[in-house]
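**Student:** One structure, pasted below without further comment.
2 protein chains.
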Amino acid sequence: MTNYCIIMAGGVGSRFWPYSTTQCPKQFLDFFGTGRSLLQTTFDRIAHIMPVENIYIVSNKNYREQILEQLPELKPEQILLEPMRRNTAPCIAYAVYKIKKKTSDANILVVPSDHLITNELAFLDVVKEGLEFVDTNDAILTLGIKPTRPETGYGYIQLGKGNGATRKVKTFTEKPNLELAKVFVDSGEFYWNAGIFLWSLNTIVNAFNTYLPDIANKFEAFTPYYDTPEEAQLLNEVYATCQNISIDYGVMEKAQNVYVRMSEFGWSDLGTWSSYYELANKDQDGNAIVSGQTLLYNNKNNIIVLPKGHLAVIDGLEGYLITQRGNTLLICPKDAESKMRQYAKDVAELPNSKDFQ
Amino acid sequence: MTNYCIIMAGGVGSRFWPYSTTQCPKQFLDFFGTGRSLLQTTFDRIAHIMPVENIYIVSNKNYREQILEQLPELKPEQILLEPMRRNTAPCIAYAVYKIKKKTSDANILVVPSDHLITNELAFLDVVKEGLEFVDTNDAILTLGIKPTRPETGYGYIQLGKGNGATRKVKTFTEKPNLELAKVFVDSGEFYWNAGIFLWSLNTIVNAFNTYLPDIANKFEAFTPYYDTPEEAQLLNEVYATCQNISIDYGVMEKAQNVYVRMSEFGWSDLGTWSSYYELANKDQDGNAIVSGQTLLYNNKNNIIVLPKGHLAVIDGLEGYLITQRGNTLLICPKDAESKMRQYAKDVAELPNSKDFQ
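These protein sequence lines are chains L and S, in that order.
Numbering of the first sequence is given in our numbering, commencing with residue 1 and proceeding in unit increments.
Numbering of the second sequence is given in our numbering, commencing with residue 1001 and proceeding in unit increments.
Structure below.
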């Protein structure tokens, strides 16, 4: 059984602006003060169960330097650089057909690079079992996370037939409203979609051929150019005409052989500062200090993110996010989720926006 | 009538930390975004009524570079550098005896370098009149500011006998409590002590001889060394053994010929952020932006001080001071006057305090 992993590291999220920026998105940041970024942590985790040379990173060409710097153990051919954003289906196809050039028989794990997993042993056990499952079944397997709250920011997977921990998928539902999310959670029949997929090479190639034939044909035809001097240039042309579509919409919601493994391993997509705050280490007053040094007086339940070597003296704030990067400071209520993109957008519209993060 | 001015620029205040620091105290900062520091503004003001070469700056030797940079029109002999802090009496004596070496007949204006005066014409009129007064009277003259509120942070001067705008001084009272300050203001008999003095050379030399003979003798004896290569070295010895005493306590409160000129010229000692806030330009929501660029959402009555070229995006703060300098950020209620020194002190006690402002 030969296992590969595709780590998707192309995110450019602005929800953590200005801590994360287009120049240095979330996956490259050390959110938990461990000394390792989310990408590095993801890589370290996977390296426990498969050879390092079988782990591929797919990201945007702009992040080449960061990836090389953060994961110097990677060979150049393990870093797949997309010339533009085309959502997850082309991203996965690019890596899948590269693996297909190397081998005719493999099992593949696909994981996002910027999620948090607190129980790594449980995760690895589930993944190992999942790789065996797709090795012996023509199955597309997705990991479903047992929901702990009626989260409206996640997609949900409805369990279908079966008895064990792995079931057929009945439906996928994108971000429900709160009422519906409550019904989902109470029913016990719905699991969070963590965006983690497992399949054999044959299964996913068949799925691309069936449900996304244009993408399949493009990357099949591109096969001779992997790891050649022409790769970057020709890939440009492939992507320019490539459909922009997610693997969820393009494959998962259409294929008949989709399964979900019910899982619990302390998962969060770290999609918002609030979701980060839930998981962060906090002082006795509930302040989560991500980075930098602080002197705190009369503060409660804040998140503080400072540049390395910086100090903040803060008195009398409750429930705020205080985050600085370079010459840009943001202070706002930490639950102002919906406004955080707006701030970044408003800054981008300043006449001198280029001066800032 | 030959007029001289002594600008006292030795302050090291920590009440505006970290905007002002020991390395760059208040007098060197541009609080009002005019492009000129408080010291430069003070100098510009005085230069309207006397020759530039008659304006002396007394400061600490650590600030030589800043003074030369901010006032390049000064000749080296106009910058008097104290080797250590000995309060205002030695500071003034140092400059007075230097003037005495040059001339036997002069009138001298002494002003702090870090106060705000909003009605400069009124100030200059009062000063011109005052210089004439001390030219023709053996009088120590201090400017008293008509109080506009029961300020407990200022000293008060009680008016004595007389009819015009210039009266004998009856008493000096240092920072009263609020109750007493209210009585003072209501009485109409008490004026704020602005620390601005006028006297003739003879009058102040006589006063030093009478009330501070040790200091008088030291600087009299030092006279041959002014503007010589030995000045700095020998001054070191003078200061090391010099009494640490204010001109108020050493001379003003003891002399019999002390007068006060009742004045109104929009004066503030800018002793606290609150006193700054009263005078600052504010946006329609009451936010005073001292420096830097801002994007503000739902904010009221804040003071924001950022490094040049920095941006702050702030949402939902009311009544705060947000100030950053270098790698140090302070966020606190803007009326937390008494705590601001504490913050600076606590930072100074950090094991790695040298890393910060």
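Where is the CB? At the ideal position from N, CA and C, for every residue including glycine.
These numbers were taken from a predicted model, which means no experiment stands behind them.
1. Per DSSP, what are the beta-bridge partners of Lys-8(L) in this structure?
2. Does the Cβ-Cβ distance between Thr-1042(S) and Val-1111(S) come in under 8 Å?
3. Quick check: the Cα distance between Phe-1265(S) and Arg-1149(S), rounded to an integer number of angstroms?
4. Have a look at the DSSP bridge pairing and note the partners of Cys-1332(S).
5. Leaving out five residues on either side along the sequence, give the residues of the same chain with a beta carbon under 7 Å from the beta carbon of Thr-1328(S).
6. Any heavy atom of the ligand GDP closer than 7 Å to the beta-carbon of Lys-75(L)?
7. At which residue ranges does the stretch 155-193 of chain L contain complete beta strand (DSSP E) runs of 3 or more residues, listed in the order of the chain?
8. Which same chain residues, not among the five before or five after Val-52(L), have their C-beta less than 7 Å away from its C-beta?
9. Spell out the partners DSSP gives Pro-300(L) in its beta bridges.
10. Please report the residue range of the alpha helix (DSSP H) in which Tyr-225(L) lies.
11. For Phe-1336(S), go through chain L and note every residue whose CB falls closer than 7 Å to its CB, in chain order.
12. What residues are listed by DSSP as bridge partners for Gln-1293(S)?
13. I need the straight-line Cα distance from Ser-1246(S) to Gly-33(L), nearest angstrom please.
14. For Lys-101(L), collect the residues of the same chain with a Cβ closer than 7 Å to its Cβ; drop the 5 residues on either side in sequence, then sort them by chain order.
15. If you run the structure through DSSP and keep just helix, strand and coil, what is Glu-1288(S)?
16. Could you confirm whether any beta carbon from chain L is found closer than 8 Å to the beta carbon of Val-1347(S)?
17. Distance check for Asn-301(L) and Tyr-1156(S), CA to CA, integer angstroms please.
18. Under 8 Å, do Val-58(L) and Ser-263(L) count as touching if we go by C-beta distance?
19. Using a Cβ-Cβ distance cut-off of 8 Å, determine whether Thr-1042(S) contacts chain L.
20. Quick test of your reading: Thr-118(L) and Leu-279(L), contact by CB under 8 Å. State the CB separation rounded to the nearest angstrom.
21. Only counting runs of 3 or more residues, tell me where the beta strand (DSSP E) segments fall wholly within the stretch 70-151 of chain L, in order along the chain.
22. Just how far apart, CA to CA, sit Gly-10(L) and Asn-87(L)?
23. How is the alpha helix (DSSP H) around Met-1340(S) delimited, first residue to last?
24. Taking 8 Å as the threshold (beta carbon to beta carbon), is Gln-324(L) in contact with chain S?
25. Could you compute how far the alpha carbon of Arg-1167(S) sits from the alpha carbon of Ala-1240(S)?
26. Here's the rule I'm using: 16 or more other beta-carbon atoms within 10 Å means buried, otherwise exposed. How should Thr-323(L) be labelled?
27. So the candidates are Leu-1109(S), Pro-1351(S) and Leu-1350(S); which of them puts its Cα closest to the Cα of Ala-1047(S)?
28. Let me know the secondary structure DSSP gives Arg-1045(S) once reduced to three states.
29. For Cys-1024(S), which residues of its own chain have a beta-carbon under 8 Å away from its beta-carbon, when the five flanking residues on both sides are left out?
30. Does the distance from the C-beta atom of Lys-98(L) to that of Leu-81(L) stay below 8 Å?
31. Give the interface partners of Asn-1327(S) over in chain L, defined as CB-CB distance under 8 Å, in chain order.
32. For Gln-181(L), which residues in the same chain have their Cβ closer than 7 Å to its Cβ, ignoring the five residues on either side in sequence?
33. Mind listing the chain L neighbours of Cys-1332(S)? Cutoff is C-beta to C-beta under 8 Å, in chain order.
34. When the distance is taken between beta carbons, is Gly-160(L) closer than 8 Å to Arg-261(L)?
35. Could you tell me which chain S residues have their CB closer than 9 Å to the CB of Tyr-343(L), listed as they occur along the chain?
36. Any contact of the stretch 204-217 of chain L with the stretch 229-236 of chain L, i.e. 3+ C-beta pairs under 8 Å?
**Tutor:** On the basis of the coordinates in this document:
1. A small fix is needed here, since residue 8(L) is Met in this sequence, not Lys. Answer is Val-58(L) and Pro-112(L).
2. yes
3. 15 Å
4. Leu-1321(S)
5. Pro-1018, Phe-1356 and Gln-1357
6. Ligands displayed in this structure: none; no statement on the ligand GDP is therefore possible.
7. 156-159 and 166-173
8. Glu-73
9. Pro is not the amino acid found at residue 300(L); the sequence shown has Lys there. Bridge partners of Lys-300(L): Glu-318(L).
10. Neither: Tyr-225(L) is in no alpha helix (DSSP H) and is coded neither H nor E.
11. Reading off the sequence, residue 1336(S) comes out as Ala, not Phe. Within 7 Å Cβ-Cβ: Asp-315.
12. Leu-1311(S)
13. 51 Å
14. Thr-223 and Tyr-226
15. Note on identity: in this sequence residue 1288(S) is Ala, with Glu being the wrong assignment. Here Ala-1288(S) sits in strand by DSSP.
16. yes
17. 45 Å
18. no
19. no
20. 7 Å
21. 79-82, 107-112 and 140-145
22. 9 Å
23. 1337-1348
24. yes
25. 38 Å
26. buried
27. Leu-1109(S)
28. helix
29. Gln-1066
30. no
31. Pro-307, Gly-309, His-310 and Leu-311
32. Reading the sequence as shown, one finds Ala at residue 181(L) and not Gln. Correct list, in chain order: Pro-150, Glu-151 and Thr-152.
33. Tyr-297, Val-313, Ile-314, Asp-315 and Gly-316
34. no
35. Leu-1295, Tyr-1297, Val-1313 and Asp-1315
36. no
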